[in-house]
Amino acid sequence: MKIFRASERDLRVERRDTFTGDVLLTAVVPTTDGVTVSDVVFTPGSRTYWHSHENGQLIIVTAGRGFLCAEGERPQVVTAGDVIWTPPGQRHWHGAAPDSCLIHTAISLGITTWGVPVTDTEYQPEAVEGAGHGR
Ligand code: MN
74 MKIFRASERD LRVERRDTFT GDVLLTAVVP TTDGVTVSDV VFTPGSRTYW
124 HSHENGQLII VTAGRGFLCA EGERPQVVTA GDVIWTPPGQ RHWHGAAPDS
174 CLIHTAISLG ITTWGVPVTD TEYQPEAVEG AGHGR
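Heads up: take any position in the sequence shown, counting from 1, add 73, and you land on our numbering.
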């Protein structure tokens, strides 16, 4: 057994090469056996680039409001308490709403493959706002 002390955690790191906008990312534990656990704070409007996870990713939303979007689908609104599983290799992005921060814990399995930034057109706040209706 090993206890990872909060006081020994990596400092928050901004990842401007894979995120749009201001994002704070903390490694909760060192990557072990291909498992990466990160706390991510997205400021309003910020989001990841398009990417996929070799063996999938579990996201636990802990605060705020934001969007998850799988390739070929419309962005979906997520809020605190929502848990999202993205299967292996599925391209997607996640981020904050335009008017809210989003905080989530991400458990990423295997190698993350990064793509291009999510454009303002893809982010489409107006389309997102209507996505929850009629479901
Ligand atoms: Mn992801």
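The beta-carbon is built from N, C-alpha and C at its ideal position, and this holds for glycine as well.
Residue i bridges to which residues according to DSSP?
i             : result
serine 111    : Ala100 and Ala179
serine 125    : Thr186
alanine 169   : Gly139
glutamine 149 : Leu141
Buried or exposed for residue i, going by 16 or more other Cβ atoms inside 10 Å?
i                : result
isoleucine 132   : buried
valine 96        : buried
arginine 89      : exposed
histidine 206    : Confidence is the limiting factor: at histidine 206 the pLDDT is only 46, short of 50, which leaves the residue's position unreliable, though a coordinate-based value still follows. Per the 10 Å Cβ criterion, exposed.
phenylalanine 77 : exposed
arginine 120     : buried
threonine 109    : buried
glycine 162      : exposed
proline 148      : buried
serine 125       : buried
With DSSP as the reference, label residue i as helix, strand or coil.
i             : result
threonine 116 : coil
serine 80     : helix
threonine 93  : strand
threonine 192 : coil
cysteine 142  : strand
glutamine 163 : coil
glutamine 197 : coil
Any beta carbon of chain C sitting closer than 8 Å to that of residue i?
i              : result
isoleucine 184 : As a matter of chain content, chain C is missing from the structure shown, which is built from one protein chain.
Three CB pairs or more closer than 8 Å across the region 103-118 and the region 175-182: yes
Touch test, the region 98-105 against the region 164-173, Cβ-Cβ under 8 Å, three pairs minimum: The region 98-105 vs the region 164-173: no contact.
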